[in-house]
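Enquirer:
Residue numbers (my numbering): 133 to 285.
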């Protein structure tokens, strides 16, 4: 029974994370009317940029700021080069453009940062803690609390 509960709680923690993704899709769609399938690829690019900068010795906070600036620049370029020229087009055209854009961003990320696996140490130990008779990951608890805070805000 405890394995079932551990799996259930783990699934709930994953669901909290997926809610952030869903909110991102909804916010982008409500603001622009575009269902942006490049959102995931942009997150991948941001994560790889951040990890690459920290691997090269850049301090955590500075890497976060630089990554944020890179992503703002990327978003502006995408708006100017891809989405603005397609304004007032069929929604399917915009959908296909963002789908294609996701492949371009993923390829660009591989070109710049390679295909190696990268490790990012956030300083949160990934150890199992016992809560109410079941074991859950401390990392999952902290990440879910942060995600719930963001969802509530």
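Note that the Cβ used here is the ideal one computed from N, Cα and C, for glycine as well.
As the structure is a computational prediction, the values presented were derived from the model and not from experiment.
(1) So residue 237 packs on residue 173, CB below 8 Å; how close in whole Å?
(2) Less than 9 Å between the beta carbons of residue 223 and residue 165, yes or no?
(3) Measuring alpha carbon to alpha carbon, tell me which of 252, 269, 284 and 266 ends up nearest residue 189.
(4) Can you name the start and end residues of the alpha helix (DSSP H) that residue 273 belongs to?
(5) Please give me, in chain order, every unbroken run of the alpha helix (DSSP H) with length at least 4 that falls completely inside the region 170 to 244.
(6) Going straight from the alpha carbon of residue 180 to that of residue 232, what length do you get?
Expert: According to the structure shown:
(1) 4 Å
(2) yes
(3) 252
(4) 270 to 284
(5) 171 to 187 and 192 to 210
(6) 20 Å
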